[in-house]
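These protein sequences, in sequence, are chains V and G.
Read left to right, the first sequence gives residues 1 to 215 (our numbering).
Read left to right, the second sequence gives residues 1001 to 1215 (our numbering).
Built from N, CA and C at the ideal position, the CB exists for glycine as well.
This one's a predicted model, so the numbers in the text were calculated from it and none came from an experiment.
Protein chains: 2
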Amino acid sequence: MTTSSPIPRDSEAKLQLILRVSSQVFADRGFEATSVRDISSAAGVSLSGLYYYFESKQHLLYLIQSATFTFVLESLKSRLEGLTDPAERLRLLVLNHIEYFLTHPNEMKVLSHEEDALEDPYREKVQAIKRRYYALAREIFDSLTAIGLARGINPRIAVLSLFGMINWPYKWYKPGVDPDAQELTAAIVGIFLHGVLPAGRAAAYGSGVAAIGQG
Amino acid sequence: MTTSSPIPRDSEAKLQLILRVSSQVFADRGFEATSVRDISSAAGVSLSGLYYYFESKQHLLYLIQSATFTFVLESLKSRLEGLTDPAERLRLLVLNHIEYFLTHPNEMKVLSHEEDALEDPYREKVQAIKRRYYALAREIFDSLTAIGLARGINPRIAVLSLFGMINWPYKWYKPGVDPDAQELTAAIVGIFLHGVLPAGRAAAYGSGVAAIGQG
DNA sequence: AAAGTTGTCGAACGATCGTTCGAGACCAAA
DNA sequence: TTTGGTCTCGAACGATCGTTCGACAACTTT
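As structure tokens, then:
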């Protein structure tokens, strides 16, 4: 559906460029504060020329958020295939999220920060992906509970707190200062599973993740 | 400086009303998407009449963020006085933050979400408060480390992950569905200190917070 | 060569934006 | 009663916004 039918020239590649540049500008200035003219000059395409690629500014935001979120979710599902250990699945959820954030910080900031800026025909579609993402995380957490009996913590609070840890980096992460994806993932998973305090002895859980904590 | 000198009528009270109403509108629609006319009609004050109370839309945002952040920080410092137990100090940091969020969700959303919307004369002043808040949290965490030897986790990552957990609720918290401040605080502090997995035995730390976790 | 599709653009549309200005009402001190 | 702050407002300013339109070059297919 993308590379056939009525003979596109290089339309698809240019759309990707526009999406990438737009994410950059939206991440820097914010969606509402960015004018279509800003995108025009940043992308090197005339103002009216942009409207060949998207129908409205809202639609442009939707294209960015939808593509980003879909990729993150599908990528996670693919990496999760065949894996059954709940702790390792949780680690992969965090790693997948953090890795995509480190390689595509602009897109992830737009996804996290401009969630409310999207209006209702588009908004609901992105929220649907978000619900699937949450459901998957919740499922992982619940199977973790089933194995390890996770201290009776409210599972909704637990999962959303984990989301807080993995989404918040867009506010503070500095490349060069802060650690890479593996190490950041290890720290976050370590906190979430074992907390910050030293385990009196090794935690009762015997998976490979038990050795994480330190980079 | 607020209630003397050149005879104010009820100016201060009306300013507080405008700040409260503006926070509501900013929280609902976002700062950039909100027009001064929106605030005018929501506050029941004419468009030009608003400019008696603030110099610009930017200044209005600054007044909200500055007052909110100052209150949260000063309130925390006051509650921390005389308390030396690091874990209890950390619990109070979280509780103070969550409590203010639950009683002033609009102001806290504006503070968290519209951080970048503030421009540079004002921006720096709010960031200065933010740095003091972070420094205090970092100090608490470091003393926690000094006592409990907190598993060699990168302290910057740990503190910022904790901030992620306590700031993220503005995206998901639903009154009536989600637990109150005490319980939410207990859950977050429990995750941060002990993690989600059951301690093999009681954690090596012997404070009153050890019993938290469950509401 | 003709017809049709793809991609690009300048110019302009009406709407809305933040802010300013001058005038006037209300009220306390002189 | 006059003077001078305090507070409020309608009307208007220039600037900028998202979007549309018609024209046109480039290229592929008939």
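Excluding the 5 residues preceding and the 5 following Arg-20 of chain V in the sequence, name in chain order all residues of the same chain whose CB lies nearer than 6 angstroms to its CB. none
Starting from the Cα of Arg-1123 of chain G, find the closest Cα among G:Gly-1044, G:Ile-1064, G:Leu-1015, G:Ile-1191 and give me that residue. G:Ile-1064
Inter-residue Cα distance where the pair is Gln-1024 of chain G and Arg-1131 of chain G: 26 angstroms
Can you list, in chain order, the residues of its chain whose CB lies under 6 angstroms from that of Tyr-53 of chain V, leaving out five sequence neighbours each side? Leu-15, Ile-18
With DSSP collapsed to three states, give me the class of Leu-1015 of chain G. helix
Return helix, strand or coil for Pro-1179 of chain G, following the three-state DSSP convention. coil
When DSSP labels each residue in this structure, what does Gly-1190 of chain G get in the three-state scheme? helix
Name, please, each residue of chain V whose Cβ falls closer than 9 angstroms to the Cβ of Gly-1190 of chain G. Ordered by position in chain V, the residues that pass the 9 angstroms Cβ test against Gly-1190 of chain G are Arg-151, Ile-153, Gly-195.
Return yes when the Cβ of Ala-87 of chain V is within less than 8 angstroms of the Cβ of Ile-1157 of chain G, no when it is not. no
Inspect the beta-carbon positions of Leu-160 of chain V and Leu-90 of chain V and report whether they are closer than 8 angstroms. no
List, in order along the chain, the chain G residues whose C-beta lies closer than 9 angstroms to that of Pro-179 of chain V? Asn-1154, Ile-1157
What are the start and end residues of the alpha helix (DSSP H) that includes Leu-93 of chain V? Start and end: 86-103.
Counting C-beta neighbours from all protein chains within 10 Å, is the total for Leu-1047 of chain G 16 or more, i.e. buried, or is it exposed? Within a 10 Å sphere around the beta-carbon of Leu-1047 of chain G sit fewer than 16 other beta-carbons, which makes this residue exposed.
Can you find a C-beta in chain G that's less than 8 angstroms from the C-beta of Asn-96 of chain V? no
With H, G and I counted as helix, E and B as strand and the rest as coil, what does DSSP make of Thr-145 of chain V? helix
Status (buried if at least 16 other CB within 10 Å, exposed otherwise) for Thr-103 of chain V: exposed
Mind checking if Asp-142 of chain V is an interface residue toward chain G, Cβ cutoff 8 angstroms exclusive? no
Candidates V:Val-72, V:Arg-37, V:Leu-93: which alpha carbon is nearest Lys-57 of chain V's? In this structure, V:Arg-37 is the residue among V:Val-72, V:Arg-37, V:Leu-93 with its C-alpha nearest to the C-alpha of Lys-57 of chain V.
Is the beta carbon of Ser-1056 of chain G within less than 7 angstroms of some heavy atom of the ligand GDP? You won't find the ligand GDP in this model; it holds no ligand whatsoever.
Under 9 angstroms from the C-beta of Asn-167 of chain V: neighbouring residues of chain G: Gly-1164, Trp-1168, Lys-1171
Closer than 9 angstroms, Cβ to any Cβ of chain G: which residues of the region 117-141 of chain V, in chain order? Ala-117, Phe-141
Measure from the C-beta of Gly-1213 of chain G to each C-beta in chain V and report whether the shortest distance is under 8 angstroms. Only weak support exists for where Gly-1213 of chain G lies, its pLDDT of 34 falling under 50; the value from the coordinates is given anyway. Taking Cβ atoms only, chain V reaches closer than 8 angstroms to Gly-1213 of chain G, which makes this a yes.
Beta carbon of Ser-66 of chain V, beta carbon of Val-110 of chain V: below 8 angstroms? Taking the C-beta atoms as reference points, Val-110 of chain V is found no nearer than 8 angstroms to Ser-66 of chain V.
Would a check of beta-carbon distances place Gly-1206 of chain G closer than 8 angstroms to chain V? For Gly-1206 of chain G, the predicted structure reports a pLDDT of 32, less than 50, and the residue's modelled location is therefore unreliable. The matter cannot be settled from this model.
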